[in-house]
Structures are given as structure tokens and as C-alpha cells.
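Student:
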Amino acid sequence: MKRFWVNGVVCLLVLLLAGSSLALGSTMHPIDYVSPIRDASWVQIPFEEGLGSTQWTTDKGPVTTEGAMIIDGTTYVPFRWAVELFGGAATWSNAADGSTDAVYLYAPGAEIPATPTETATRRPLSTIVYNWIPNLDEYLSTMEKDFEAAYPEIDLEIMNLPDYYGDPYGVLVNQADVYECDEGMLEAMKAAGKLQPLATSEVPNPDDFLQITKDVAVDSSGAWWGIPHWTCTDFMFYNKNDTELAAVKTFSELEKVIGGKDHPLGEGLLIDIMGSYVTNRYKDTLMDLYKDNPATFWSYVNKDNINTQAVDLMKRMISLEDPGNGRNALNDKMSDDLIRKFIYGNGRAYVYYSEALGYMADIIDNAQNTWFDTTLSMDDIGIMPFYQADTPVSASTGYVDSFCLDKSLTGQKRADALTFAQWVTSTAENIRQVAPPDGSAVRYLSPARMSVYTAPSLLAIAPLYKSMLPAMQLGRYFLPPAGLDETGLKEKLNELLPFN
């Protein structure tokens, strides 16, 4: 049985089959179909033709579903009117074609009748996941199936929000037992009082986590506010037969090997420094310069206090690119172009996150046996850290997603939530999440655990993971200070940096 919570109300959306009827307050046992509800604030409408109208009629009066979203052909309606229908049932119909649905609402703590597909012995557990994941349907369905196979006494409900960051439909305002939070959302959820800390003893093998993930998940007192799952930082991709490039350890060495601003056309650096990547690249360079000094790092994240050394390094990066690459105001699809140029041999090195490997594999696969065969194959690709300065030990900014527990959980519910958070972040599950058991494409995400990168079972499928670990070990994260204001920073950097 699919359950979800809206403003403290447990709701069940049931499709009324042709010729059937359900009276107000009737038992749920005869129900033949339960709509696949996706999350706590949006309801999937089981009409193939979509809404047809934003005005709906219910036996409690008219309601408006203005603001509905259609994603991949499926219509989602915001449940902003749920409170108006609190207690009992309401039938609502599509004004366009007369189709009807029934919404059943139960007060907090009310007993939910069982259906033939669920027994009272299973304990419900809900989780909101971070859903920017390739092949998402397989990822979520396998997660639910495998967890429930390992823990059949728990009924896992995965809540896949259509807008993870949205207001009022994002993770911050929705209710679940377990939340997957990125580094910014984790701090926002803590500030909102929605999370509870974990003891170190509740985090399996904590020494296995990359340093950047501890920067995010562990506070100054040593408490863990989540168990890290994914992380990411920059990689430099190159032809592994390029031994000169493979030996680079500083930015000046990279500059010399590529040939500076006079490098041969088609053999330059490929790196996106447009849009949000302008501020990201600036922060990455600052991290390389001030990896041991968070206060100094953040002092320069200000339009009125730009670090000239970082800007000069970024200008040198731009000079290593061919004309039109990296800083082209007319191209808002820069990253897509740069990946293709690298795979077709029109650049000596490409800088991006690990997900680029998945895009590269798609490009190569799609080009097989055509006139447009790629220059590089997956076997030709090498991976190394991107050194942005000349410091003795490099560092790079990055991102971290962690599974966190709702503050209200106690007793058995908390134990079940902790079991799921520990399971979903384990080495064995990370490997299955990266390399799906159905044999579909490797996701090339960056797991939080170091043991994943050296696991023989994963390296047999995706050997590039071993080369990813050195770059991931350079990742760092500094908690932003209270009151940080980045307004105007991107615009100021765009004034200071040349286009090419």
C-alpha cells in the first residue's frame, strides 16, 4: 500500500474502476487498484490524456489544480487543497472528460485499513531521495526491491519529489522518516530543526568515508548529521597514452605541457567557465590556494573582495582554450559541446565531474559503426585530478549527499530508519547503484566510500573507478559562514574575465 503525508494527513488516492463505487467511509479491502503516488505534495493523475482542465469538482466543492506539472507524459497535481478535504473521502472529476477519482484522508494517528497486498506486520518507512540520478526508474525500483528483500518486515516508500529544491513542494517542507540531503539542504534542514544527530557508533566503518564527506556530515562536536552517500569534485580527463599530461602535478606544469596561449589549435584545455561555472571555478581555485584556511577562503567569496591571484589563474586557464571554448557568451550548452570535442580529439584534456564518463560512453556507443566514429574509446580515457594552482598539495571543492533521520523518530521507527540509512550507503549497495545488476549502463557517480573505488567486483565492470580515487581524496568542503552574501559575485567575475 502506498502512503504519503500532507500537512500531517495520511492520504490514499484510489482509482475508481468503471462501474464501481465507494461510499464515504467504506472499507478499503475491496480496492482493486492503488495509484502509484510519488511523493508527499504531488499526486499522479491516472489519466493518459493529462489534466484537460485546471478546474476540478469534488463533493466538498470546487478545487483548482493550477500549477500542475507534466513530467515525461505524467501529470502531477499539487495537493495544496488537501486540508480542505480533511477527514473522510472526496470524489473529484476532470471537467474535460468526466473521469473521476476518490481521495481518502485520515486524521493523524488513525488506523489505516489493510489491503490484500499489505499485512499489518509490515512497518512503513518513508524516504525522500536525491533524484538527479541517471536511469532513475531502475535506480529507485531496485533500491526498494532489494531493501524489502533484505528486510521484509519493513514497507519502504520512496518519495521522488518532482522538484527537490522547490518551495512549497521540495524536501525542506515535506515530511518523511529519512531524507537524502545535499550539503546545502543538510544545513537548511538542521536550521529548520528537522534532523537528529547520529552517534559515531551508528555510522558503519566511518574511516572509509572520503574527507570531503566528513566535512559535510560531521559537525565540530563530532556528531554525524547523516551517513554520506554520494559526493563529487572535478576530474581532468585525457588520453591515457599522453604521458606528458599524466605527469602533471601543478597548474604551471599543465600550462607548459599544453603550450600556453600559443598552444596548437585543437590541442587545448576544455573547461566550461560560463554561467554558474564562473563562480564554481573561482571557488575551486580559492580552495586550491586556501585549503587550510576556511575564513580566508570565504572572505574572498564577495564581489567587493575579489582575490586577484585566483582571477589571474582563471585568465591563464582561459588562455589554454581554443577560441570559442570555455568563455563563449553565445553558447549556453558549453559542457555538451566540450565533451563531444574531447571524444572526437579536438582537445587535449577536459575538466568536469565524474558523470561525464557516462555521457562519453553514450556518445561513443551512438557513434559506433557510423561515418562519425569517435577518436577516443572508453579504453583510451585516463582520469587525474585537475590542478588549479601551484600549491604543494592540491584541493578542490565538491558536493556531498547524505541520508539523514527525521528529528521526531524514536524507538522502532528510528531503528528502521537507521537500518535503511546504513544499508543504502554500504559498499555493497553503492556498487550495485553504480553498476546496475540488470546490466544497464554504469552510472559513473562518485560514491562517498573509498572502498567502492577499489572493489574488484566494480573494477571488473568499470576499471576507471580506480583512477577516480586520487582526485576524490583531494575534495574539501567549508561550511559557509552565517550571513554569507554572494549577490553580484558572478557578474563581477564576468567583468574581470575575458571571453574567447
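Position 398, counted from 1, in the sequence shown is what numbering that gives the first Met the number 0 calls 397; the numbers after and before it change by one each time, with no gaps.
All residues carry an ideal CB built from backbone N, CA and C; glycine is no exception.
Please read these numbers as outputs of a predicted model, since none were measured by experiment.
Measuring CB to CB, does residue 458 end up less than 7 Å from residue 465?
Tutor: yes
Student: Could you compute how far the alpha carbon of residue 296 sits from the alpha carbon of residue 309?
Tutor: 11 Å
Student: Determine, using beta carbons only, whether residue 147 and residue 155 come nearer to each other than 7 Å.
Tutor: Yes, the Cβ-Cβ distance between residue 147 and residue 155 is below 7 Å.
Student: I need the DSSP call for residue 498, collapsed to helix, strand or coil.
Tutor: coil
Student: Exposed or buried, residue 419, counting other C-beta atoms within 10 Å across all chains shown (16 or more means buried)?
Tutor: buried
Student: So residue 194 and residue 403 are supposed to be a Cβ contact under 8 Å. How far apart are they, rounded?
Tutor: 5 Å
Student: On the DSSP bridge assignment, give the partners of residue 316 in chain order.
Tutor: In DSSP, residue 316 forms no bridge with anything.
Student: If distances are taken between C-alpha atoms only, which option among 340, 393 and 387 comes closest to residue 373?
Tutor: 340
Student: Using the Cα positions of residue 163 and residue 255, report the straight-line distance between them to the nearest angstrom.
Tutor: 43 Å
Student: In this structure, does DSSP put residue 357 in helix, strand or coil?
Tutor: Looking at residue 357 - three-state DSSP - the assignment turns out to be helix.
Student: Decide if residue 245 is buried, meaning its Cβ has at least 16 other Cβ atoms within 10 Å, or exposed.
Tutor: exposed
Student: Would you say residue 444 and residue 451 are within 7 Å of each other, going by their C-beta atoms?
Tutor: no
Student: On a Cα-Cα basis, can you pick out the residue from 477, 350, 236 and 243 that is closest to residue 212?
Tutor: 477
Student: Less than 7 Å between the beta carbons of residue 449 and residue 185, yes or no?
Tutor: Taking 7 Å as the Cβ cut-off, residue 449 and residue 185 do not qualify as a contacting pair.
Student: Let's see if you can read the secondary structure: which residues bound the alpha helix (DSSP H) around residue 422?
Tutor: 410-423
Student: Have a look at 143, 272, 382 and 327 and flag the residue whose alpha-carbon is nearest the alpha-carbon of residue 125.
Tutor: 143
Student: Give me the residue from 440, 172, 427 and 409 with the minimum Cα distance to residue 354.
Tutor: 440
Student: Residue 202 by DSSP, collapsed to three states: which one?
Tutor: coil
Student: Label residue 429 either buried or exposed according to how many other C-beta atoms from any shown protein chain fall within 10 Å of its C-beta, with 16 as the threshold for buried.
Tutor: buried
Student: Can you give me the C-alpha to C-alpha distance between residue 7 and residue 158, rounded to a whole angstrom?
Tutor: Residue placement at residue 7 cannot be trusted, given a pLDDT of 28 that sits under 50; what the coordinates show is reported in the next sentence. Going by the C-alpha atoms only, they are around 16 Å apart.
Student: Flag this pair as yes or no: are the beta carbons of residue 137 and residue 436 separated by less than 7 Å?
Tutor: No, these two residues do not count as a Cβ contact at 7 Å.
Student: In whole angstroms, give me the CA-to-CA distance for residue 304 and residue 247.
Tutor: For residue 304 and residue 247, the distance between alpha carbons rounds to 31 Å.
Student: Do you know whose CA, among 321, 342 and 496, lies nearest residue 237's CA?
Tutor: 342
Student: Closest to residue 397 by CA distance: which of 176, 188 and 234 is it?
Tutor: 234
Student: Please classify residue 121: does DSSP put it in a helix, a strand, or coil?
Tutor: coil
Student: Do the region 266-283 and the region 382-397 meet, that is, are 3 or more Cβ pairs less than 8 Å apart?
Tutor: Output reads yes: the region 382-397 touches the region 266-283.
Student: If I follow the unbroken beta strand (DSSP E) through residue 297, where does it start and stop?
Tutor: Where residue 297 is concerned, there is no enclosing beta strand (DSSP E), although the alpha helix (DSSP H) it sits in stretches over 293-298.
Student: Taking all protein chains shown into account, do 16 or more other C-beta atoms lie within 10 angstroms of the C-beta of residue 243, making it buried, or fewer, making it exposed?
Tutor: Burial call: exposed.
Student: Output yes or no for whether 7 Å exceeds the beta carbon distance between residue 228 and residue 400.
Tutor: yes
Student: Measure the alpha-carbon distance for residue 181 versus residue 230 and round it to whole angstroms.
Tutor: 9 Å
Student: How about residue 347 and residue 252: do their beta carbons lie closer than 7 Å?
Tutor: no
Student: With a threshold of 7 Å on Cβ separation, who are the neighbours of residue 225 within its own chain once the five nearest residues in sequence on each side are excluded?
Tutor: Within the same chain, and ignoring the five residues on either side of residue 225 in sequence, the residues whose Cβ sits closer than 7 Å to its Cβ are 180, 185, 216, 401, 402 and 403.
Student: Give every residue of the same chain whose Cβ lies closer than 6 Å to the Cβ of residue 333, excluding the five residues on either side of it in the sequence, and list them in chain order.
Tutor: 271 and 273
Student: List the DSSP bridge partners of residue 448.
Tutor: 208
Student: Just mark residue 490 as buried or exposed, buried being the case when its beta carbon has 16 or more other beta carbons within 10 Å.
Tutor: Exposed, since its Cβ has fewer than 16 Cβ neighbours within 10 Å.
Student: Using a Cβ-Cβ cut-off of 7 Å, state whether residue 342 counts as contacting chain B.
Tutor: This model lacks chain B altogether, as it is built from one protein chain only.
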